[in-house]
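Undergrad: Provided herewith is a single structure, encoded as structure tokens, for subsequent inquiry.
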């Protein structure tokens, strides 16, 4: 499925997961998020397997740097084409700010 992210089942499941995440994080419905991963909707092991698939099969070391960058761009374009997903602005993203805070203070 390299070269056609829209045909990748793993990426399709990850996209659905992102859609659900965005729908509950805005209203801070953390229980719904936990239930989503706890129930049979999208078990955590499947989430990790899908993520590993993207890393290894789409962006992995078996591709040249140029091929990996092109695939990354295709995946990014695919995600931007999903109407229900909205782009996150890093400077306003609480998760990004939290994970990149100055830990020395």
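In the numbering used here, the protein residues as written are 632 to 736.
For glycine and all other residues, C-beta sits at the position ideal for the given N, C-alpha and C.
Predicted model, so just to flag it, every value in this text is computed and none were measured.
Do the stretch 699-719 and the stretch 647-667 touch if we need at least three Cβ pairs shorter than 8 Å?
TA: Touching, per the Cβ criterion.
Undergrad: Is residue 682 helix, strand or coil by DSSP?
TA: Correct three-state label for residue 682: helix.
Undergrad: Just to confirm my understanding: we take residue 655, look at its own chain, exclude 5 residues before and 5 after, and list those with CB closer than 7 Å. What are they?
TA: The residues are 663 and 664.
Undergrad: From residue 642 to residue 676, what distance separates their C-alpha atoms?
TA: Computed Cα separation, rounded: 15 Å.
Undergrad: Can you check which of these residues, 661, 730 and 702, is closest to residue 689 by C-alpha distance?
TA: Of 661, 730 and 702, the residue nearest in Cα terms is 702.
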